[in-house]
Every structure is written in structure tokens, then in C-alpha cells.
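Asker:
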Amino acid sequence: MKNLLLPLLLLSFFKTMAQPDYIVSWEQGDYEPLVEYSSAFAENLNEWGYCFWAEEASFDFGFDFPFFDVVHQSMVLGTDGYGYFLESDEDYGLLLFAGSYENFGCYTGQLVSDWRYQHTSVGGEEVLKIEWHKVGIDDDIESDNPSQHSISYQVWFYENGTIELHFGNLDLGLTRFYELGKGFVWEDGEVYGPWVGINTPDESKAVYVGGLYNAPQVATNPDSIDVLKDLPPEGWIIRFERDMASHAFEPPASNLLAFNVFPTVASDVINWELKPTVPMGTYGIELCNQLGQILISKNIADYKSSLDISTLPNGIYFLHLKHRGQDMAKKFIVKHN
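FYI, in the working numbering the residues of the sequence shown are 8 to 344.
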């Protein structure tokens, strides 16, 4: 049996939805699987193989994402639903229906399950969507008699800092590794998830959701923690929304160079666009590979432009915007059809 390092973080339950730093809400909506997406599983297939239990990948938001009182451009997220930001020294800050998931084709060499992502917009806000698509429970898939079960859900990260969990089909009636009223259980009956919540790296602030999905207990005290004990219906949404009245948010100086790069997976041309808050002037643009080697360097004075990347080999690259000693980088992927 595998062991997970679970952060010990909270409880002190409240009936109210309002919390000091985030407002937690929940509602019934609709669930739509991602259609236009990239597969983090397929992108890492050569490294991971067909089994993705406890693997991690880095995701660029494509925008400045405020989390508590810090801005991030990217995060590290695990296939098990645990995530953190590089600035947090790998302490879990995101527990997103966290459990222990695996690809159903792990031992047959097939992409049966998937881990997908999409950069899009919702209601005028830029959004990064990540979907666990028809994944299974790791211990069940590894067992001698795997059951028929399936887990699908998405997490949406909004440009304004809102985080939403969107639940799809959670078919766990036949697996012995999930018990209604308890949650995910090991072979010995010990409960290990699913955890739903967010916290700061030093655990000084936390907001967790446990208990019943339609009458959840919201916890902010880092003394103990509870799991989500039952299964939300398809289309159920749990939302963490920043309470701006409790945030003394000051964008760092480097945000003066805020810009977007799109598409994040490109084949011929990469586009960049300065955000409206950036003062006009002359800026340096550098395109670098993963080794830090400068492949393209030029000065620009336009608010938006593009670069021809048709001759670059497939791989991960970084576009740097430089001005008066400041440097901001955005990662993108070159993937020729």
C-alpha cells in the first residue's frame, strides 16, 4: 500500500459560508467534459509511461493568478489532486478532491484515462481548466480483481483568483476502496481522502470543505482536517472566491511587465500581448530554450506582436520580457503537427 504525506491542517467548523480570506459557496450546475484540450498525460508519456500515479506537472496559468496575497504565474499539480506553488517550498497549498488516482490502461499500455487542460475564458475572465477524465482509484486498479468504477472532475482557475471544482460522473458504487460516509479508504479501512481545500505555505491561513457535499463544514483552524464524505452529483460546483475586503493585495513590481503569451501550445507562430497596465516604451524580447540559451533576441515597441517559431524543434520554451532591470518570463510549448 502506498503512503501519502497528508498535510495536517484544519477544522473548527462553521455553518456560515463567509471566511476571512475566501468565500466558499456551492451550487448545482452542468458538467461538460473538455473538448478542445491538451493532454498532460500524453505530453509526459515518454517520461511517465502509461501509469501516472503521484506524477506531477507544471501548469502555466497564462495570467497573473492571485492566491491569498501572492501572485503566481504557474503551479505544480499532481495527478493525485495535490498542488503547490514553487515559491511555497513544495508545501501543499491546493487539495483539489485529492486522493490516489491512476490510468485504467496502466498495465495494458493504453490511454484509457486522461489528465487534460485548457486555456479559455468564462464571463470575460481568463481561465485555466484542468480535468481528471475517467480516472480510477490506484489501489483498485492494482488489485487482483479491479472493479468497474470511474472518476471525472475539473478544477477551474480564474484570473481573478477564484477556484472552482466541477464534479462530473463519480461512479464508485462497485469499488471497495470508497465507502459512502467515509471517503477513500485503504485496504485496512483507513480514510485518506478526498480532501478539498486551500492553504498558505505556512498554514497560517486555510479554507477547507468537509462533510456532506450539500451542507459542507467549512474549516479555517489548522488543528485538524476532515474529508468530503459523500459524492456530489454530476454538475455540482464548489467555489473558493477571494474576499477582497480581507485582502491587502499589492502586485509585485515585476507585474509592471505583465503580458500574455498565446497559444500556450503552438506550432508556427507565438503571439504576445502587453497588459493594459504596462506603460508603453521599448522592451527587450528574448526567446530561450530549457537550457537558457537565447534563440531570438529583439527590441520591440509594439503593444502586441508575434514571433515565427516554425523552425524550432518540439519542446518547452520561455519568452522573456525585459525592461529596466526587470524580467518576466512565460512558458509555452512548441508542438508541430
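Think of the CB as a built atom: it goes at the ideal place given N, C-alpha and C, for glycine as much as any other residue.
These figures come from a predicted structure and were not determined experimentally.
(1) Leaving aside the five residues before and after G322 along the sequence, list all residues of the same chain whose C-beta is less than 8 Å from its C-beta, in chain order.
(2) List the endpoints of the continuous beta strand (DSSP E) containing W243.
(3) If D87 sits next to G56, beta carbons under 8 Å apart, how far is it from one beta carbon to the other, in whole angstroms?
(4) By DSSP, does N176 sit in helix, in strand, or in coil?
(5) What residues in its chain sit with their C-beta under 7 Å from that of D67, if we drop five residues either side in the sequence?
(6) Could you tell me which of R123, N152, K141, W163 sits nearest to V129, measuring between CA atoms?
(7) Rounded to a whole number of angstroms, what is the C-alpha to C-alpha distance between G175 and S159?
(8) DSSP has F400 in a bridge; who is on the other side?
(9) Could you tell me the distance, in whole angstroms, from the CA atom of E149 to the CA atom of V142?
(10) Look at the alpha carbon of I301 and the alpha carbon of I277, and state the distance between them as a whole number of angstroms.
(11) First and last residue of the alpha helix (DSSP H) that includes W93?
(12) Assuming D145 and Y91 are in contact, meaning their beta carbons sit under 8 Å apart, how far apart are those beta carbons, in whole angstroms?
(13) Within 10 angstroms of the Cβ of A222, are there 16 or more other Cβ atoms? Answer buried if so, exposed if not.
(14) If you compare alpha carbons, which of E34, H156, S65 is closest to S46?
(15) I'd like to know whether the C-beta atoms of Y38 and H173 end up nearer to each other than 8 Å.
(16) Could you check whether the stretch 301-319 touches the stretch 237-246, counting it as contact only if at least three pairs of C-beta atoms, one from each stretch, sit closer than 8 Å?
(17) Using C-beta distances below 7 Å, list every residue in its chain close to V216, excluding the 5 sequence neighbours before and after it, in chain order.
(18) Between F70 and the rest of its own chain, which residues show a CB-CB distance below 7 Å, the 5 nearest in sequence each way excluded?
(19) Extract the residue ranges of the beta strand (DSSP E) inside the stretch 267-318, only unbroken runs of 3 or more that lie entirely within it.
(20) Among Q117, Y29, Q125, D28, which has the Cα closest to the Cα of Y44?
(21) If you drop the 5 nearest sequence neighbours on each side, which residues of the same chain put their C-beta closer than 8 Å to that of L319?
(22) Note down the Cα distance separating V119 from G291, rounded to an integer number of angstroms.
(23) Flag this pair as yes or no: are the beta carbons of F72 and G168 separated by less than 8 Å?
(24) Going by Cα to Cα distance, which pick from G200, D250, E248 is closest to I232?
(25) Hey, L41 and K136: beta-carbon distance below 8 Å or not?
(26) Leaving out five residues before and five after L328 in sequence, what residues of the same chain have Cβ atoms less than 7 Å from its Cβ?
(27) Leaving out five residues on either side along the sequence, give the residues of the same chain with a beta carbon under 6 Å from the beta carbon of L238.
(28) Check L41 in the structure and name its three-state DSSP category.
(29) Figure out for me which residue from V214, L326, W122 has the closest Cα to the Cα of E50.
Answerer: Let's see:
(1) Residue numbering aside, residue 322 sits at position 315 when the sequence shown is read from its first letter. Excluding sequence neighbours, G322 sits near N296, Q297, I340, V341.
(2) For the purposes of this step, residue 243 is taken as residue 236 along the sequence shown, with counting starting at 1. Per DSSP, W243 belongs to the beta strand (DSSP E) from 243-249.
(3) Walking along the sequence shown from the start, residue 87 turns up at place 80. Walking along the sequence shown from the start, residue 56 turns up at place 49. Not confirmed; about 17 Å, so no contact.
(4) Locating residue 176 in the sequence shown gives position 169, where the first residue counts as 1. Strand, per DSSP.
(5) Taking the first residue of the sequence shown as position 1, residue 67 is located at position 60. The answer, listed in chain order, is Q80, S81, T271, K337, K338.
(6) As a first step, residue 129 is located in the sequence shown; it is residue number 122 there, counting from the start. Out of R123, N152, K141, W163, W163 has the C-alpha closest to the C-alpha of V129.
(7) Position 168 of the sequence shown, counted from the first residue, corresponds to residue 175. Position 152 of the sequence shown, counted from the first residue, corresponds to residue 159. Straight-line Cα distance between these residues: approximately 5 Å.
(8) Because the chain in this structure spans residues 8 to 344, residue 400 falls outside the shown range and cannot be described.
(9) Numbered from its first residue, the sequence shown carries residue 149 at position 142. Numbered from its first residue, the sequence shown carries residue 142 at position 135. Whole-angstrom Cα-Cα distance: 13 Å.
(10) By 1-based counting over the sequence shown, the position of residue 301 is 294. By 1-based counting over the sequence shown, the position of residue 277 is 270. Near 16 Å, if we compare the C-alpha coordinates of I277 and I301.
(11) Taking the first residue of the sequence shown as 1, we reach residue 93 at position 86. Looking at the sequence provided, one finds Leu at residue 93 rather than Trp. Where L93 is concerned, there is no enclosing alpha helix (DSSP H), given that its DSSP letter is neither H nor E.
(12) Stepping through the sequence shown from its first residue, residue 145 is reached at position 138. Stepping through the sequence shown from its first residue, residue 91 is reached at position 84. Not quite, the Cβ-Cβ distance comes to about 20 Å (not below 8 Å), so this is no contact.
(13) On the sequence shown, residue 222 is found 215 positions in, with the first residue counted as 1. Exposed is the call here.
(14) As a position in the sequence shown, residue 46 is number 39, starting the count at 1. Here the closest residue by C-alpha is S65.
(15) Position 31 of the sequence shown holds residue 38. Position 166 of the sequence shown holds residue 173. The answer is yes: Cβ separation under 8 Å.
(16) no
(17) In the sequence shown, residue 216 corresponds to position 209, counting from 1. Excluding positions up to five away in sequence, the list reads V31, V203, G204, P223, V225, L235, I245.
(18) Working through the sequence shown from its first residue, we reach residue 70 at position 63. The residues are E133, E166, N267.
(19) 276-281, 290-296, 301-307, 311-315
(20) Sequence index remark: in the sequence shown, residue 44 carries index 37 (1-based). Residue Q125 is the option with its Cα nearest to Y44.
(21) The residue given as residue 319 occupies position 312 in the sequence shown. Contacts found: L302, V341.
(22) Your numbering for residue 119 matches position 112 in the sequence shown. Your numbering for residue 291 matches position 284 in the sequence shown. Looking at the two C-alpha atoms, the distance is approximately 44 Å.
(23) Counting from one through the sequence shown, the residue named residue 72 turns up at place 65. Counting from one through the sequence shown, the residue named residue 168 turns up at place 161. Against a cut-off of 8 Å, the Cβ pair of G168 and F72 comes out as a contact.
(24) The residue given as residue 232 occupies position 225 in the sequence shown. Nearest option by C-alpha distance: G200.
(25) As a first step, residue 41 is located in the sequence shown; it is residue number 34 there, counting from the start. As a first step, residue 136 is located in the sequence shown; it is residue number 129 there, counting from the start. Going by C-beta atoms, L41 is nearer than 8 Å to K136.
(26) Here residue 328 refers to the residue found at position 321 when the sequence shown is read from its first residue. Cβ within range, chain order: L264, F266, Y290, I292, M335.
(27) Working through the sequence shown from its first residue, we reach residue 238 at position 231. So the qualifying residues of the chain are L177.
(28) Residue 41 sits at position 34 when you count from the first residue of the sequence shown. Of the three classes helix, strand and coil, the one that applies to L41 here is coil, per DSSP.
(29) Numbered from its first residue, the sequence shown carries residue 50 at position 43. The option with the nearest alpha carbon to E50 is W122.
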